[in-house]
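Engineer: Protein sequences appear in the order of chains A and B.
Under the UniProt record's numbering, the first residue of the first sequence carries the number 1, and numbering increases by one thereafter.
Under the UniProt record's numbering, the first residue of the second sequence carries the number 1, and numbering increases by one thereafter.
Just so it is clear, CB atoms sit at the ideal spot from N, CA and C, and this is done for glycine as well.
Can you read through this structure? Questions will come right after.
2 protein chains.
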Amino acid sequence: MKEKELRRSLAVLPIGTVMKLANLTARQIRYYEEQGLSHPERNAGNRRMFSLNDVDRLLEIKDYLAAGINIAGIKEIYAQQQQKAKQQAADLARPLTDNDVRQILHDEFLNIGGFKSKHGPEFPTH
Amino acid sequence: MKEKELRRSLAVLPIGTVMKLANLTARQIRYYEEQGLSHPERNAGNRRMFSLNDVDRLLEIKDYLAAGINIAGIKEIYAQQQQKAKQQAADLARPLTDNDVRQILHDEFLNIGGFKSKHGPEFPTH
DNA sequence: CATACATGTAAGAAAATATCACATCATTTA
DNA sequence: TAAATGATGTGATATTTTCTTACATGTATG
């Protein structure tokens with residue numbers, strides 16, 4: 001359902017609403033943004049406007065903090081998630097080159113002999 | 001899904017957001033409220049706060065107006081819907097009286113003979 | 001103890017919203 | 001046709017919300 005995704009990413013909530021929904025102070029919300037953990041949009045008047053996804057993210061940050069993870073740690077977690085997502089997108093987007101195909105076939109033969117492939121990232125197999 | 005219903009009825013949107021979502025001016029939105037067609041909540045500072053259901057209602061009003069129905073007509077439509085809803089709630093809420101039971105049983109026997117019940121509103125059958 | 005981290009708080013400016021009053025323009029009615 | 005009505009625009013002014021910036025605070029950590 002693509003429409004639902006769109007609704008969840010629509011920036012429609014002012015900070016006052018988000019404060020209540022997430023039970024956070026304005027100070028906390030702005031600080032998490034300052035630290036690069038949250039990226040609410042801005043309207044024409046420079047007011048922060050949040051989506052439901054933004055609220056989810058804030059709740060997540062709150063949970064991590066409550067679990068004793070500091071901001072630097074949370075930043076790292078999100079950086080790694082970002083990395084993984086980027087890799088997956090790349091895997092999906094890049095068409096197989098002739099070299100990829102040769103490499104895959106080569107690995108196949110190696111596997112037949114009981115050897116393991118030395119290649120880390122998997123290619124889409126279809 | 002009761003949770004979804006709750007989300008849709010949460011008053012989280014300021015009038016500025018609603019203006020964009022429904023493509024209405026603040027004047028129009030306030031006027032429809034003044035006419036009793038819309039009932040947004042107010043926050044502690046007297047600012048109108050709208051739910052998704054409120055936005056749906058505004059879009060509906062907009063459609064009715066575009067269809068040539070005036071405010072009085074729309075008001076009547078909603079009054080009738082309210083009536084129907086109230087009746088249905090009453091139907092659901094009222095426990096069966098002994099008399100209801102007798103009446104139903106009586107109808108049953110009539111139906112066996114091929115006759116139709118003369119009673120309009122249905123009672124819950126379980 | 002000195003530092004860093006997460007948050008509180010205060011000041012002042014800018015933006016958003018409130019109400020109220022009057023204007024406008026089209027349609028209906030007397 | 002003049003007058004009334006209905007839906008919306010516009011302007012003034014007050015209040016609320018949010019913004020940025022700066023400094024304060026308490027707790028944990030080296």
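Hey, quick one: how far does the alpha helix (DSSP H) through Arg-47 (chain B) stretch, first residue to last?
Structural biologist: That residue, Arg-47 (chain B), is in no alpha helix (DSSP H); it is neither H nor E in DSSP.
Engineer: Only counting the same chain, and skipping five residues up and downstream in sequence, which positions put a Cβ closer than 6 Å to that of Gly-71 (chain B)?
Structural biologist: The question names Gly, but residue 71 (chain B) in the sequence shown is Ile. Around Ile-71 (chain B): Gln-35.
Engineer: Alpha carbon to alpha carbon, how far is Lys-86 (chain A) from Ala-79 (chain A)?
Structural biologist: Roughly 10 Å separates the two Cα atoms.
Engineer: When the Cα atoms are used, what is the spatial distance from Ala-11 (chain B) to Arg-47 (chain B)?
Structural biologist: 11 Å
Engineer: Does chain A have any CB closer than 7 Å to the CB of Pro-14 (chain B)?
Structural biologist: yes
Engineer: Which residues does DSSP list as the beta-bridge partners of Leu-13 (chain A)?
Structural biologist: A:Phe-50
Engineer: Below 7 Å CB to CB, which residues in the same chain sit around Asn-43 (chain A) once its five sequence neighbours on both sides are set aside?
Structural biologist: Met-49
Engineer: Output, in chain order, the set of chain A residues within a Cβ distance shorter than 8 Å of Thr-17 (chain B).
Structural biologist: Val-12, Leu-13, Pro-14 and Met-49
Engineer: Give the residues from the segment 55-71 of chain A that approach chain B closer than 7 Å (Cβ to any Cβ), ordered along the chain.
Structural biologist: none
Engineer: Start and end of the alpha helix (DSSP H) containing Gln-82 (chain B)?
Structural biologist: 71-93
Engineer: Taking the alpha helix (DSSP H) that Gln-28 (chain B) falls in, what are its first and last residues?
Structural biologist: 26-34
Engineer: I want to verify the contact list: residues of chain A whose CB lies under 8 Å from the CB of Leu-21 (chain B), in sequence order.
Structural biologist: The answer, in chain order, is Val-12.
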